[in-house]
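At position 258 of the sequence shown the residue is numbered 258 (full-length UniProt numbering), and the sequence of numbers has no breaks.
Have a look at the structure below before the remarks.
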Amino acid sequence: MQQISSFNEHQSGSLYLVPTPIGNLEDMTFRAIKTLKEVDLIAAEDTRHTQQLLNHFDITTRQVSFHEHNTEQRVPELIEKLKAGYSIAQCSDAGMPSISDPGKELVAAAVKEGLPVIPLPGANAGLTALIASGLVPQPFYFFGFLERKHQQQVAALEKLKNREETMIFYEAPHRLKKTLTTMAEVFGEERRVVLARELTKRYEEFTRGTLSEVATWFDSHQPRGEFVILVAGNDHPVEEQNDDLQLSLTEQVDKAILDGLSTNAAIKLVAKKNNIKRQELYKQYHQL
């Protein structure tokens, strides 16, 4: 059993998870500023972006880049520094590390090595939008970003359409209209939705209505800024019979392909449904 360390037991060699503002710099906490000043190194998603934050608060701590494209290289390097006694703060461009942002691999590696991981509270776009949405705030289901391809979005949303919790998604402005249209296709046009954009900034805005109404509204309005999409839960969920599980694994994959998924996406979906490893199903399907 791994012992859980308290804050005061470790003055160095700790990984600090530091949230950053999602728009308004005044949302930076005193503790976050103090931590960024006192650690030996900051692992930042985008060092140029984080430098602007550091300059604003007169923080001179050295940075190193840590993002989705250099994870395999950086994690071992950062773990070795932690073992050597360095204190490291990990932060993303906005909001909580690991939540639709880099961080989870480093945290998992630090936990595996028995190194202290110290989370700081702070800004999060999903929860900030949720409490002002007017939808039922709890329970809620956080999803984050959907896949970009239509077939993959449909497959993911099909598994969510009977959830009774309020669902939270993130989306980029140039994909917003397409995603709303797909949600209306799967969830139904009358499902309630709230869009939150530019949270904590000057032009913060909430758009409320049905999926059909909101999708139509964006026919004549250009989406700007990052969006949080909050979809009301299903008030009348339908108990679905999963006849697919009566089929063989190969037949399930073939059926998913006929439904529009690529072979790899179908294998991934069927493996998850049947709680087996994707690699095993891949070999079985392709008779390797």
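Using N, Cα and C, we set each Cβ at its ideal position, and we do this for glycine too.
Exercise. Unbroken alpha helix (DSSP H) runs of length 4 or more, entirely within the segment 129-176: which are they?
Worked result: 150-158
Exercise. Roughly how many whole angstroms lie between the Cα atoms of Glu-26 and Glu-205?
Worked result: As a working note, residue 26 is residue 26 in the sequence shown. As a working note, residue 205 is residue 205 in the sequence shown. So the two alpha carbons sit approximately 19 Å from each other.
Problem set entry | Own chain partners of Asp-101 with C-beta closer than 6 Å, once the 5 adjacent residues on each side are dropped | To locate residue 101, count along the sequence shown from 1; it is residue 101. Ser-92.
Exercise. Three or more beta-carbon pairs under 8 Å between the segment 111-119 and the segment 57-66, yes or no?
Worked result: no
Exercise. By Cβ distance, which residues of its chain are closer than 8 Å to Thr-200, with the 5 residues on each side in sequence left out?
Worked result: Translated into positions along the sequence shown, residue 200 becomes position 200. The answer, listed in chain order, is Pro-21, Ile-22, Gly-23, Asn-24, Asp-27, Ala-123 and Thr-128.
Exercise. Which ranges would you report for the alpha helix (DSSP H) in the segment 44-76 if only whole runs of at least 4 residues count?
Worked result: 47-56
Problem set entry | Inter-residue spacing [alpha-carbon to alpha-carbon] between Glu-189 and Ala-43 | Here the question's residue 189 lines up with position 189 in the sequence shown. Here the question's residue 43 lines up with position 43 in the sequence shown. So the two alpha carbons sit approximately 43 Å from each other.
Problem set entry | Residues near Val-136 by beta carbon distance below 6 Å, same chain, minus five either side | For the purposes of this step, residue 136 is taken as residue 136 along the sequence shown, with counting starting at 1. Result list for Val-136: Thr-166, in chain order.
For this session: Have a look at Lys-37 and Thr-61 and give me their C-alpha separation to the nearest angstrom.
Result: Here residue 37 is taken as the residue at index 37 of the sequence shown, counted from 1. Here residue 61 is taken as the residue at index 61 of the sequence shown, counted from 1. Answer to the nearest angstrom: the Cα atoms are 6 Å apart.
Exercise. Residues bridged to Ile-118 by DSSP?
Worked result: The sequence position of residue 118 within the sequence shown is 118, counting from 1. DSSP lists Tyr-16 as partners of Ile-118.
Exercise. Which residues share a DSSP beta bridge with Ile-42?
Worked result: As a first step, residue 42 is located in the sequence shown; it is residue number 42 there, counting from the start. For Ile-42, which the question treats as bridged, DSSP gives the partners Gln-63 and Ala-89.
For this session: Just mark Lys-283 as buried or exposed, buried being the case when its beta carbon has 16 or more other beta carbons within 10 Å.
Result: Reading the sequence shown from its first residue, position 283 is the one you call residue 283. Exposed, since its Cβ has fewer than 16 Cβ neighbours within 10 Å.
Exercise. Around the C-beta of Leu-106, are 16 or more other C-beta atoms found within 10 angstroms, so that it is buried, or is it exposed?
Worked result: On the sequence shown, residue 106 is found 106 positions in, with the first residue counted as 1. So Leu-106 counts as buried.
Problem set entry | Leu-17 vs Gly-103 beta-carbon contact at 8 Å | For the purposes of this step, residue 17 is identified with residue 17 of the sequence shown, where counting begins at 1. For the purposes of this step, residue 103 is identified with residue 103 of the sequence shown, where counting begins at 1. Yes, the pair counts as a contact, with Cβ atoms nearer than the cut-off.
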